[in-house]
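Asks:
2 protein chains.
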Amino acid sequence: MVKRMLSGRKTPTIQDVAREAGVSTATVSRALSSPERVSRSTRDRIDQAVRMTGYTINQAARSLRKRASNTILVALPDIGNPFFSRILEAVEREAAARQFNVLVANRRPETDQATRLLDYMQSNSADGILLFDGSLDLERFRGLARDSAHMPLVVACEDIPGSGLATVKTDNVCAGRRATEHLLSLGHRRIAHLLGPSGNVLTTERLQGYSEALSAAGLPIEREWIIPGDFHMENGAEAAQRFRESESPPTAIFCANDEMAIGFISEMQRHGYLCPRDVSVVGFDDITLAARYHPPLTTMRQPTEELGHISAMTLLDILEGKRAANAPREIILESQLVVRESTAPPSHG
Amino acid sequence: MVKRMLSGRKTPTIQDVAREAGVSTATVSRALSSPERVSRSTRDRIDQAVRMTGYTINQAARSLRKRASNTILVALPDIGNPFFSRILEAVEREAAARQFNVLVANRRPETDQATRLLDYMQSNSADGILLFDGSLDLERFRGLARDSAHMPLVVACEDIPGSGLATVKTDNVCAGRRATEHLLSLGHRRIAHLLGPSGNVLTTERLQGYSEALSAAGLPIEREWIIPGDFHMENGAEAAQRFRESESPPTAIFCANDEMAIGFISEMQRHGYLCPRDVSVVGFDDITLAARYHPPLTTMRQPTEELGHISAMTLLDILEGKRAANAPREIILESQLVVRESTAPPSHG
DNA sequence: CGAAAGTATGTAATCGATTGCATCACCTAT
DNA sequence: ATAGGTGATGCAATCGATTACATACTTTCG
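These protein sequence lines are chains A and B, in that order.
Be aware that the first sequence starts at 1, since it is given in the numbering used here, and climbs by one per residue.
Be aware that the second sequence starts at 1001, since it is given in the numbering used here, and climbs by one per residue.
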């Protein structure tokens, strides 16, 4: 009876296991999800039957009935960026350890991201969202949601002040200030800042830290040396051009991420300038390559691993009811100044 | 009737839409998935009702009934590696454009990956797998699967010769040969090779290309200068140490990826050696940073974007029945030698 | 001894969308 | 006028797991 189906059979269902073990499907279901509710002997028979049939649960059926997909959605602005892909790596690790699947949604300029993300939730494809995309209009997103109060959503890296949402981020203002203070302490007085993408909280916070440090040192903030960027290496190269064309360029620059810092240094070196001899550079993130760049990059290290790990933990805790959804908290991680060789005192004060 | 439910309501279902539009659920379902099968007027009423209720489909219910999840699984060895995260980016773009979700599964050393991946399939969480993880024991994986012949699986980057599986890869042997030939043509005679992870097809193929080139030039293959690695920068640094400690080190090295090349150069430079003056280096992949490294890296460019795009297309075509699952084909993309400044003739022949 | 509580299991409704088959109205051709 | 065809729609079974409730049996204790 059993053997004749060996070939050409369908995927075994819980019915097959029940029949094989001589119990009802209810018992099988219980044996699998709460073993302590089933007697030892029945449990053994069921385990045996599971092995015999090669049964695996049908997630779709389970999701339908339980109204939960055991899946989280990770919304990223740029998977290709090592900073985010490292975070994704940590998120995936934590999720896998807790038997959750991870869906990724990269930003797509041509698509309305708020609608897209919402759709994942409303269609029951994901139970919660881990939002790393600072460009999403969160207000609108929550406006669209019919039940935004109970939407399991953890905002990471960026935040919406006063939104009351669970948030995991780093101390960007402070980090921006410390990066700038490092340059000031080396004796630099004319310090440029290469911005992140406009409209991004990260950008404004790092800029604020930069401004605070300059003001505290009694230095003016020169509009001209606050340079637009969007986290790509190309922006660094553009900034380098502006430096080279200037009559009296700054002696240092604080870049809102490492890629731009590398783009900047690379382009300067291509034209015969040396870092840190001619210009000091501080980056942000401490991507793997920063330590191996030439010169090794001074940068504000973000706790990438932790950002991913803790934000995932927070979301999963909410989903598993280990944490009240309406008791949000802001977790702020510390950045760390890593001094390497791309910064030095200015050559002529 | 309708309005009283405005607050505290459940997610609307197809039943709600049917009631609202005064038709059966069957008609609503048809109106949504094959509009041409319902009359113009009914369709309009249904569209209207969908808007009224804010209906979105319940994917779990649909998956259960259709036995398909509209989701693909991307299995990667290392999300954090920019080479793979760029690929993932391209995959996600293609999938999103075709309304497919993307689940990611990064390799986890402590877990049996074959079982894990299979589970995604058998539990109906994913309809197909895009396999970039060269370390998976594919034979065993297919052995475990009860129905491996019909399993929608596209192998990318690596391949299993004779497996008959749909494959998208680059010409690694050829690329390895050309990278080595480039060094030979500059006049190098003692050329080291820094390997990828052992047991990986990529590794053996690139090594084969390297060996072919040396043999063709009538040069011996020195075991000592085939150095183990696993694609991490640290390996490059270790290789550098071996160079420095050698009485008569090679004048050039071909590294199986850019990270290791950068690790190598960085460590050499740290000890006062210069690239390419003291040693020429060829990398592999052409990650974004390669062009901006110092010196800019000579490397074999892999068509990352295309690898992701084409492999995703292939898998999705299979899933959508646009391509027979049993009519597999091997697609081989060309790599391209990008000569920059990390290679030069040896200083003393 | 008998009521109450506890344990193990079964029955059947349920989650929400899809689809084979049946039905009905209307049209056309012989 | 009738048979056959076509197009639009409804009915109800179905996908596979979960779980509230019911049932049967066992243990405990006054």
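Cβ coordinates follow ideal geometry from the N, Cα and C atoms, glycine included.
Bear in mind the structure is a predicted one, so any value in this text is a computation, not a measurement.
Within 8 angstroms of any Cβ in chain A, is that where the Cβ of Met1233/B sits?
Replies: A Cβ of chain A is located within less than 8 angstroms of the beta carbon of Met1233/B.
Asks: From what residue to what residue does the alpha helix (DSSP H) around Glu1094/B run?
Replies: Pro1082 to Ala1097
Asks: Measure the alpha-carbon distance for Pro1400/B versus Arg1045/B and round it to whole angstroms.
Replies: The structure shown does not extend to residue 1400/B, since chain B is modelled only from 1001 through 1349, so no value can be given for it.
Asks: With H, G and I counted as helix, E and B as strand and the rest as coil, what does DSSP make of Phe141/A?
Replies: Assigned with DSSP and collapsed to three states, Phe141/A falls in helix.
Asks: Under a three-way DSSP split, which group does Pro1012/B fall into?
Replies: Three-state result, Pro1012/B: coil.
Asks: Should Gly1236/B and Ile1262/B be called a contact, given that it needs their Cβ atoms to be closer than 8 angstroms?
Replies: Contact flag set, yes.
Asks: Going by Cα to Cα distance, which pick from Phe1084/B, Gln1099/B and Leu1136/B is closest to Asp1258/B?
Replies: Phe1084/B
Asks: Listed from N- to C-terminal order along the chain, which residues in the segment 1117-1136 of chain B have their beta-carbon within a distance smaller than 7 angstroms of any beta-carbon of chain A?
Replies: So the close ones are Asp1119, Gln1122, Ser1123, Asn1124 and Ser1125.
Asks: So if I threshold CB-CB distances at 7 angstroms, which residues from the segment 45-65 of chain A count as touching chain B?
Replies: Gly54, Thr56, Ile57, Asn58, Gln59, Ala60, Ala61, Ser63 and Leu64
Asks: Between Ala1026/B and Arg62/A, what straight-line distance do the alpha-carbon atoms span, to the nearest angstrom?
Replies: Roughly 23 angstroms between the two C-alpha positions.
Asks: Any contact between the segment 332-344 of chain A and the segment 155-174 of chain A? By contact I mean 3 or more CB pairs, one from each, below 8 angstroms.
Replies: yes
Asks: Can you check whether the C-beta of His294/A is within less than 8 angstroms of a C-beta belonging to chain B?
Replies: Yes, its Cβ sits closer than 8 angstroms to a Cβ of chain B.
Asks: Going by the CB atoms, is the gap between Arg86/A and Gly1080/B shorter than 8 angstroms?
Replies: Yes. Within cutoff.
Asks: With a threshold of 16 other CB atoms inside 10 Å of the CB of Asp1112/B, please say whether the residue is buried or exposed.
Replies: exposed
Asks: Does the pairing of the segment 64-75 of chain A with the segment 101-108 of chain A give three or more beta-carbon distances under 8 angstroms?
Replies: Three or more Cβ pairs closer than 8 angstroms define a contact, and the segment 64-75 of chain A meets that threshold against the segment 101-108 of chain A.
Asks: Is the segment 89-100 of chain A touching the segment 291-308 of chain A, taking contact as three or more C-beta pairs under 8 angstroms?
Replies: Here the segment 89-100 of chain A lies against the segment 291-308 of chain A, with 3 or more beta-carbon pairs under 8 angstroms apart.
Asks: Expressed to the nearest angstrom, what Euclidean distance is found between the alpha-carbon atoms of Asp317/A and Leu153/A?
Replies: If I take the Cα positions, the gap works out to 11 angstroms.
Asks: Among the candidates Gly1176/B, Met1151/B, Pro1303/B and Ala1145/B, whose CA atom is the shortest distance from the CA of Leu1165/B?
Replies: Met1151/B
Asks: Is Ala1213/B buried or exposed, if buried means 16 or more other CB atoms sit within 10 Å of its CB?
Replies: buried
Asks: Distance, Cα to Cα, Glu20/A vs Ala49/A?
Replies: 6 angstroms
Asks: Taking contact to mean 3 or more Cβ pairs, one atom from each stretch, closer than 8 angstroms, check whether the segment 1277-1284 of chain B and the segment 1176-1194 of chain B are in contact.
Replies: The segment 1277-1284 of chain B is in contact with the segment 1176-1194 of chain B.
Asks: Taking its Cβ as the centre, do 16 or more other Cβ atoms sit within 10 Å of Leu1274/B, making it buried, or is it exposed?
Replies: exposed
Asks: Could you name the residues of chain A that Glu1092/B contacts, counting a contact when the two beta carbons are closer than 8 angstroms?
Replies: Ile79, Val104, Ala105 and Asn106
Asks: Thr288/A versus chain B: which residues are under 7 angstroms apart at the beta carbon?
Replies: Met1233
Asks: Give the list of continuous alpha helix (DSSP H) stretches no shorter than 4 residues that lie fully inside the segment 201-278 of chain A.
Replies: 201-216, 233-245 and 258-270
Asks: Would you say Pro1082/B lies against chain A (beta-carbon separation less than 8 angstroms)?
Replies: Closer than 8 angstroms: yes.
Asks: Please report whether the beta-carbon of Ala1075/B lies at a distance below 8 angstroms from any beta-carbon of chain A.
Replies: no
Asks: Taking the alpha helix (DSSP H) that Ile1072/B falls in, what are its first and last residues?
Replies: First-last for Ile1072/B: Thr1071 to Leu1076, but that is the beta strand (DSSP E), not the alpha helix (DSSP H).
Asks: On a CA-only basis, which of Glu1224/B, Arg1178/B, Thr1298/B and Gln1059/B is nearest Arg1206/B? Give me that one, please.
Replies: Of the candidates Glu1224/B, Arg1178/B, Thr1298/B and Gln1059/B, the one whose C-alpha sits nearest the C-alpha of Arg1206/B is Arg1178/B.
Asks: Taking C-beta pairs closer than 7 angstroms, name the residues in chain A that Asn1101/B reaches, listed in chain order.
Replies: Leu103 and Ser125
Asks: What are the residues of the segment 1252-1278 of chain B that lie near chain A, defined by any Cβ-Cβ distance shorter than 9 angstroms?
Replies: Glu1259, Ile1262, Gly1263, Ile1265, Ser1266, Glu1267, Gln1269 and Arg1270
Asks: At 7 angstroms on the CB atoms, spell out the chain A contacts of Ser1280/B, in chain order.
Replies: Neighbours of Ser1280/B on chain A: none; closest Cβ ~16 angstroms, over 7 angstroms.
Asks: Is there a C-beta anywhere in chain A that falls below 8 angstroms from the one on Arg1086/B?
Replies: yes
Asks: Assuming Leu319/A contacts Asp47/A (C-beta within less than 8 angstroms), just tell me the rounded distance between them.
Replies: Not really, about 28 angstroms apart at Cβ, beyond 8 angstroms.
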